[in-house]
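Chains as they are written, first to last, in this note's numbering: chain A, 1 to 196; chain B, 1001 to 1196; chain C, 2001 to 2030. Ideal Cβ positions, reconstructed from N, Cα and C, are used throughout, including at glycine. Predicted model, so just to flag it, every value in this text is computed and none were measured. Working notes, beginning with the structure itself.
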Amino acid sequence: GITEAQAHVIVNNALKLYSQDKTGMVDFALESGGGSILSTRCSETYETKTALLSLFGVPLWYFSQSPRVVIQPDIYPGNCWAFKGSQGYLVVRLSMKIYPTTFTMEHIPKTLSPTGNISSAPRDFAVYGLETEYQEEGQPLGRFTYDQDGDSLQMFHTLERPDRAFQIVELRVLSNWGHPEYTCLYRFRVHGEPIQ
Amino acid sequence: GITEAQAHVIVNNALKLYSQDKTGMVDFALESGGGSILSTRCSETYETKTALLSLFGVPLWYFSQSPRVVIQPDIYPGNCWAFKGSQGYLVVRLSMKIYPTTFTMEHIPKTLSPTGNISSAPRDFAVYGLETEYQEEGQPLGRFTYDQDGDSLQMFHTLERPDRAFQIVELRVLSNWGHPEYTCLYRFRVHGEPIQ
Amino acid sequence: PLSGVPCCSHARLARTPYLVLSYVNGLPPI
Chain A
1 GITEAQAHVI VNNALKLYSQ DKTGMVDFAL ESGGGSILST RCSETYETKT ALLSLFGVPL
61 WYFSQSPRVV IQPDIYPGNC WAFKGSQGYL VVRLSMKIYP TTFTMEHIPK TLSPTGNISS
121 APRDFAVYGL ETEYQEEGQP LGRFTYDQDG DSLQMFHTLE RPDRAFQIVE LRVLSNWGHP
181 EYTCLYRFRV HGEPIQ
Chain B
1001 GITEAQAHVI VNNALKLYSQ DKTGMVDFAL ESGGGSILST RCSETYETKT ALLSLFGVPL
1061 WYFSQSPRVV IQPDIYPGNC WAFKGSQGYL VVRLSMKIYP TTFTMEHIPK TLSPTGNISS
1121 APRDFAVYGL ETEYQEEGQP LGRFTYDQDG DSLQMFHTLE RPDRAFQIVE LRVLSNWGHP
1181 EYTCLYRFRV HGEPIQ
Chain C
2001 PLSGVPCCSH ARLARTPYLV LSYVNGLPPI
């Protein structure tokens, strides 16, 4: 058994971690912190032409989420970047040069999905460190699988600390959980050790 | 020792308070609730020309956070108003006339800072109640110190309830925690008792 | 393409109808 005071400490520590972007770790991909999207390589945004913005009754344009949302913290249902098919690329410039050691992938929980499933979630993905934005095959940092039956937020560690530091990483999504038309990325984070 | 039911109550109460803007207290400075930034007096926004926005490959303008973010709730890294140097001013019009009794100052936790420190955080600051926007020396409501080793969110109480109510307050930042070029304000809140 | 080799113009983002943000001068104030 624990005392009331111990319970308060446990709860407060849990909330403190939760308030620290849920991980307590710097996200070097976060856009407001200095990260940016450089390219989506061969992927194409999945344009659904469903969200129409109008002014004074005049239709203006169809809105779809840009890849920037993948490095922004809002992960409410729909605030994801959808690319056609199940293979996509995202080249991200980090806020600084680091030795990447951990990646976080987030998707909405099934409980919040209007369809009841998360078939549009990424499944197998790989991350590469690039020297330049245009480098075609970077240094593999790891290959991982986002588990649709796991937590909404999942963290993946590199097998070993890379021998080189990178400021550009490429996220390559290789498969999704079954959606035939698109894959949705809610948030991808990159954690690691800054160079001295 | 406590029972499981008691543990649930502790957790639920903590979550409830957390969901109430973490404090359970009205923030009369909050922009969406009616607060607004009147002036920054002598301070200058630290314009770094780092974030460039483009459309169809055409550079449009450089983006930097305005002082309004200080009365907005998003406190992700980078979503702060930066002023040059370590002395800055912010004149805030509250949503209503109140007897200010408590101020909240927030900064990002060190764990989320890409630099590993929060040298850009405010250190000593003072708050004044103003009768009008242009009043140069208002009624001192208190002088406080934000502790860089303390919690991310810190609350400061006036020594005594002011004898006058104010709808305009001035936040005067007097020093920071060491950053040579700028000071970043994430969120400043004003709590108190509305006049009858 | 399954090989993973980029096959298209690297300037794809420049042709998209949304604002692109790039950091050109170091870290923003944090």
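Item checked: C-alpha gap between R1041(B) and L153(A), whole angstroms -> 43 angstroms
Check: Mind checking whether S1119(B) and G1088(B) have CB atoms under 8 angstroms apart?
Finding: No, the pair does not count as a contact, with Cβ atoms beyond the cut-off.
Check: Taking a cut of 9 angstroms between CB atoms, which residues from the region 60 to 85 of chain A lie near chain B?
Finding: Among the residues of the region 60 to 85 of chain A, those with a Cβ less than 9 angstroms away from any Cβ of chain B are Q72, P73, in the order of the chain.
Next item on the list: Kindly list the residues whose CB is nearer than 7 angstroms to the CB of R123(A), restricted to its own chain and excluding five residues on each side of it in sequence; keep chain order.
Entry: T145, Y146, S175, N176, W177
Note to self: At 3 residues or longer, what runs of the beta strand (DSSP E) sit wholly inside the region 145 to 174 of chain A?
What the structure shows: 153 to 157, 166 to 173
Checklist line | Whole-angstrom distance between G142(A) and A1121(B), CA atom to CA atom | finding: 36 angstroms
Checklist line | Length-filtered (3 minimum) beta strand (DSSP E) runs lying within the region 1021 to 1058 of chain B | finding: 1036 to 1039, 1051 to 1055
Checklist line | Test: T1111(B) CB closer than 8 angstroms to a CB of chain F | finding: No chain F appears in this structure, whose protein chains are A, B and C.
Margin query: Suppose you measure from the CA of A1165(B) to the CA of R161(A); what does that come to, to the nearest Å?
Written below: 58 angstroms
Check: Taking buried to mean at least 16 other C-beta atoms within 10 Å of its own C-beta, is N1079(B) buried or exposed?
Finding: buried
Margin query: I'd like to know if S36(A) contacts chain C, where contact means its C-beta is closer than 8 angstroms to some C-beta of that chain.
Written below: yes
Check: If you check the beta carbons only, do I1010(B) and A7(A) fall under 8 angstroms apart?
Finding: yes
Notebook entry, point to check: For F28(A), which residues in chain B fall below 7 angstroms Cβ to Cβ?
Noted result: P1114
Next item on the list: If I'm right that Q72(A) touches E31(A) with Cβ under 8 angstroms, what's the distance once you round it to whole angstroms?
Entry: 5 angstroms
Item checked: Short CB-CB distance (under 8 angstroms) between M96(A) and chain B -> Look at M96(A): its C-beta is under 8 angstroms from a C-beta on chain B.
Next item on the list: Tell me whether D21(A) is buried or exposed, calling it buried when 16 or more other Cβ atoms sit within 10 Å of its Cβ.
Entry: Taking all protein chains shown into account, D21(A) has 16 or more neighbouring C-beta atoms within 10 Å of its C-beta and is therefore buried.
Notebook entry, point to check: Is the distance from the Cβ of Y1046(B) to the Cβ of K1084(B) below 8 angstroms?
Noted result: yes
Next item on the list: Label E170(A) either buried or exposed according to how many other C-beta atoms from any shown protein chain fall within 10 Å of its C-beta, with 16 as the threshold for buried.
Entry: buried
Note to self: Which residue marks the beginning of the alpha helix (DSSP H) containing S19(A), and which one marks its end?
What the structure shows: According to the DSSP assignment, S19(A) belongs to the alpha helix (DSSP H) that extends over 4 to 19.
Check: Would you say the beta carbon of Y1134(B) comes nearer than 7 angstroms to a heavy atom of the ligand NAP?
Finding: The ligand NAP is not among the ligands present in this structure, which contains no ligands whatsoever.
Checklist line | chain A within 8 angstroms of V1199(B), Cβ atoms only | finding: This structure gives no information on residue 1199(B), because the portion of chain B shown stretches from 1001 to 1196.
Margin query: Just verifying my parser: in three-state terms, what is the DSSP assignment at L2013(C)?
Written below: helix
Next item on the list: Taking only the alpha-carbon atoms, compute the straight-line gap between T1050(B) and G34(A) and give it to the nearest angstrom.
Entry: 9 angstroms
Next item on the list: Return the chain-ordered list of same chain residues with a C-beta closer than 6 angstroms to the C-beta of F1028(B), the five sequence neighbours on each side being excluded.
Entry: So the qualifying residues of the chain are L1094, S1095, I1098, V1190.
Check: Who does C1184(B) pair with in a DSSP beta bridge?
Finding: A1082(B)
Check: Under 8 angstroms, do E36(A) and Y2023(C) count as touching if we go by C-beta distance?
Finding: According to the sequence as given, residue 36(A) is Ser; it is not Glu. Cβ atoms of S36(A) and Y2023(C): closer than 8 angstroms.
Check: Does the beta-carbon of R2015(C) have 16 or more other beta-carbons within 10 angstroms, so that it is buried, or is it exposed?
Finding: exposed
Notebook entry, point to check: Excluding sequence positions up to five away, which residues of its chain have a Cβ less than 8 angstroms from the Cβ of N1012(B)?
Noted result: none
Next item on the list: Could you please give me the residues that DSSP links to A126(A) through a beta bridge?
Entry: R143(A), R172(A)
Notebook entry, point to check: Cα-Cα, which of T1132(B), M1155(B), H1179(B) is closest to V1092(B)?
Noted result: Nearest of T1132(B), M1155(B), H1179(B) to V1092(B), Cα basis: T1132(B).
Checklist line | Cβ of T183(A) within 8 angstroms of any chain C Cβ | finding: no
Checklist line | Where the beta strand (DSSP E) containing R1093(B) begins and where it ends | finding: 1088 to 1106
Note to self: List, in chain order, every chain A residue whose beta-carbon is nearer than 9 angstroms to that of Y1018(B).
What the structure shows: L15, Y18, S19
Note to self: Per DSSP, what are the beta-bridge partners of H1179(B) in this structure?
What the structure shows: DSSP output for H1179(B) lists no bridge partner at all.
Check: Hey, G138(A) and G129(A) are a contact pair by Cβ (cut 8 angstroms); roughly how many whole angstroms apart?
Finding: 5 angstroms
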